[in-house]
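Our numbering numbers the first residue of the sequence shown as 81 and each following residue consecutively.
All residues carry an ideal CB built from backbone N, CA and C; glycine is no exception.
Some notes on the structure that comes next.
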Amino acid sequence: MKLLPPKLSVRARLLLAVVVAVAGALAVMIVGFNLLLAQRLSANATAIARERATAQLSTLRVLHGHVVVGEAPDNEAVDSQVWIFEGARAIEQPKSPRRQVDAAAHALARSDRRTTDVDGVETRLAAVPIMSRGRAIGRVVAGVSLAPYEDTRNVSLLGSIALGVGLLVAVGIAARWMLAAALRPVARMTADADAWSERDLDRRFGLGEPHDELTRLAATLDRLLDRLAASLRHEQRLTAELSHELRTPLAKIAAESELALRRIREGGEYRSALEIVRRHVEQMTRTVDTLVAASRQEAGLARSTADARIAAAAAIEACSPLALEREMAIELDAPAAPLRVGVESDLVERILQPLLENACRYGRGRIRVVLERDGSGVVFTVGDEGPGVTAEERDRIFDPGSRGTAATDGGAGSGVGLGLALARRLARAGGGDVTLDAAAPGAHFVVRLPTA
81 MKLLPPKLSV
91 RARLLLAVVV
101 AVAGALAVMI
111 VGFNLLLAQR
121 LSANATAIAR
131 ERATAQLSTL
141 RVLHGHVVVG
151 EAPDNEAVDS
161 QVWIFEGARA
171 IEQPKSPRRQ
181 VDAAAHALAR
191 SDRRTTDVDG
201 VETRLAAVPI
211 MSRGRAIGRV
221 VAGVSLAPYE
231 DTRNVSLLGS
241 IALGVGLLVA
251 VGIAARWMLA
261 AALRPVARMT
271 ADADAWSERD
281 LDRRFGLGEP
291 HDELTRLAAT
301 LDRLLDRLAA
311 SLRHEQRLTA
321 ELSHELRTPL
331 AKIAAESELA
341 LRRIREGGEY
351 RSALEIVRRH
361 VEQMTRTVDT
371 LVAASRQEAG
381 LARSTADARI
391 AAAAAIEACS
401 PLALEREMAI
411 ELDAPAAPLR
421 VGVESDLVER
431 ILQPLLENAC
441 RYGRGRIRVV
451 LERDGSGVVF
461 TVGDEGPGVT
471 AEERDRIFDP
481 GSRGTAATDG
491 GAGSGVGLGL
501 ALARRLARAG
511 GGDVTLDAAA
521 PGAHFVVRLP
531 TA
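The following block contains the structure:
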């Protein structure tokens, strides 16, 4: 394929390769056929000449050491190209032989050869010895014209060449059609890929079940696009999660700074404002560190461990101001023996915090956090006594941007519907999951994480 012009299309190069290969094969077949035919025609001409000489030999007798010519079964046989020699002397020959043929017949009678071709007159001569008492006393030489055989060979050559050209044209047309049909999916894939934009994350080639090289290529590219789309969605989710997690501390920092700058204040008031700003900056730092840790977990990098009780207590402490504002109490029920989880402490805190915040916003009474071991994992259960989650919402509350009726109707929440999605994503990054216990009253979320 490297010998073909590089500027041609793949289809043109394949078509050219097919045509060249078929032309070479046809040329070999035509040459071989005509060589074989020429050999067979030559053998047939020799056989006919020998049959004529043998037929004439059956009419001869040897009397007292001399050749006697009897009556030929066909009187025209002697008039044809047949010579009868006794020794080197011709006792019978054609009535008016051509000079070249006659000289060749005399030369053949004197030699040991059995056949000879006469140049220029398209004649082949064959000699059969006349035997008497075990020795040759003469020869019968018969000739046959090679003109019919030459005509047959020429017609065969021209016919085979014409047939080869016709077959080559037919193969070229068929190959062009088949290549166009076979490469049509590639043309469609090229057009589709060229028409897609960077926002068409769900577009696929969709050539169906793989059954040949092109459909397997399309399926492989579809799987590659799935992975790229998943990576892009991951980045989009990360951006949304960052904005969701950082918007509250940024808003509080902006509000506190604006309040401090409205009028001249005492030094202690400025210090108090700066302490508030520092706390929110630390919260933002923890948020970024948590998302980075989640990314490390998803990438399969080194993992650390944490005390489950301490991590749950830290999440409760972070949500205490909101619980106090809502006049709700958060209780932690944990075993005395320490339980260690196979994820970082900040990651556990960021998983539990959205669940506790939702319980503070939409629940009633008290919030209970239960920590226990379940087989090879650690289970955190966050439950409240609120209205819970309706059956229609159970499958979509973990979708990014989705908010339940408790948030949209009650007006208690100011979130954007990313808290539960973030909690589930962080849990799955750590090898666990976040689910909803639909059988329990109120809203009960179950967090399962692997043990250390």
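Look up residue i in the DSSP assignment and say whether it is helix, strand or coil.
{"i": "D197", "result": "strand"}
{"i": "E289", "result": "coil"}
{"i": "L419", "result": "coil"}
{"i": "G252", "result": "helix"}
{"i": "D413", "result": "strand"}
{"i": "P530", "result": "strand"}
{"i": "S176", "result": "coil"}
{"i": "N155", "result": "For N155, the pLDDT reaches just 45, beneath the cut-off of 50, and the residue's location in the model is therefore unreliable, leaving the point undetermined."}
{"i": "E131", "result": "helix"}
{"i": "G112", "result": "helix"}
{"i": "S138", "result": "coil"}
{"i": "L381", "result": "The predicted position of L381 is uncertain, since its pLDDT is 49 and thus under 50; a value taken from the coordinates is nonetheless stated next. It is coil, neither helix nor strand."}
{"i": "V98", "result": "helix"}
{"i": "A492", "result": "For A492, the predicted model reports a pLDDT of 48, less than 50, meaning its position is unreliable; a value from the coordinates is still stated below. A492: coil per DSSP, three-state reduction."}
{"i": "S212", "result": "strand"}
{"i": "A520", "result": "coil"}
{"i": "A170", "result": "strand"}
{"i": "L121", "result": "helix"}
{"i": "S311", "result": "helix"}
{"i": "I333", "result": "helix"}
{"i": "V469", "result": "coil"}
Just to confirm, is the Cβ distance from residue i to residue j under 8 Å?
{"i": "A439", "j": "V462", "result": "yes"}
{"i": "E533", "j": "C399", "result": "With the chain covering only 81 through 532, there is no way to say anything about residue 533."}
{"i": "V449", "j": "I396", "result": "yes"}
{"i": "G252", "j": "V99", "result": "yes"}
{"i": "R204", "j": "V224", "result": "yes"}
{"i": "P434", "j": "L529", "result": "no"}
{"i": "L226", "j": "A125", "result": "yes"}
{"i": "R420", "j": "D387", "result": "yes"}
{"i": "L301", "j": "P265", "result": "no"}
{"i": "R132", "j": "A207", "result": "no"}
{"i": "V201", "j": "Q180", "result": "yes"}
{"i": "G214", "j": "G167", "result": "no"}
{"i": "V149", "j": "L137", "result": "no"}
{"i": "L412", "j": "V527", "result": "no"}
{"i": "S240", "j": "I110", "result": "yes"}
{"i": "P401", "j": "M364", "result": "no"}
{"i": "L263", "j": "R93", "result": "no"}
{"i": "D306", "j": "F285", "result": "no"}
Under 8 Å, Cβ to Cβ, is there at least one residue of chain D near residue i?
{"i": "A520", "result": "Judged by its chain identifiers, the structure shown contains no chain D, having just a single protein chain."}
Quick one: residues in its chain with C-beta nearer than 8 Å to the C-beta of residue i, no 5 flanking neighbours on either side, listed in chain order?
{"i": "R504", "result": "F478, D513, V514"}
{"i": "D282", "result": "A309"}
{"i": "A471", "result": "A518"}
{"i": "A105", "result": "none"}
{"i": "P290", "result": "R296, A298, A299"}
{"i": "Q260", "result": "The question names Gln, but residue 260 in the sequence shown is Ala. If we look at A260 and ignore the five residues flanking it on each side, its Cβ neighbours are R91."}
{"i": "L95", "result": "G252, A255, R256, L259"}
Using C-beta distances below 7 Å, list every residue in its chain close to residue i, excluding the 5 sequence neighbours before and after it, in chain order.
{"i": "T232", "result": "L121"}
{"i": "W276", "result": "R283"}
{"i": "W178", "result": "Per the sequence shown, residue 178 should be read as Arg rather than Trp. Excluding sequence neighbours, R178 sits near V201."}
{"i": "H146", "result": "E166"}
How would you label residue i, buried or exposed, when you count the other beta carbons within 10 angstroms and need 16 or more for buried?
{"i": "M211", "result": "exposed"}
{"i": "Q119", "result": "exposed"}
{"i": "D426", "result": "buried"}
{"i": "L391", "result": "The sequence given here has Ala at residue 391, not Leu. A391 should be labelled buried."}
{"i": "A518", "result": "exposed"}
{"i": "G443", "result": "buried"}
{"i": "H524", "result": "buried"}
{"i": "R169", "result": "exposed"}
{"i": "V245", "result": "exposed"}
{"i": "D464", "result": "buried"}
{"i": "L304", "result": "exposed"}
{"i": "E407", "result": "exposed"}
{"i": "R539", "result": "Nothing in the structure corresponds to residue 539, since the chain is present only between 81 and 532."}
{"i": "I344", "result": "exposed"}
{"i": "A520", "result": "exposed"}
Name, in chain order, the residues that DSSP records as bridge partners for residue i.
{"i": "W163", "result": "V221"}
{"i": "I447", "result": "I410"}
{"i": "A386", "result": "V421"}
{"i": "A206", "result": "T195, A222"}
{"i": "L143", "result": "H146"}
{"i": "V462", "result": "V449, F525"}
{"i": "T515", "result": "V526"}
{"i": "G457", "result": "D454, P530"}
Only counting the same chain, and skipping five residues up and downstream in sequence, which positions put a Cβ closer than 6 Å to that of residue i?
{"i": "I333", "result": "V357, H360"}
{"i": "G495", "result": "Here G495 scores only 48 on pLDDT, less than 50, and its place in the model is too uncertain to base an answer on."}
{"i": "S384", "result": "E424"}
{"i": "T195", "result": "T126, A206"}
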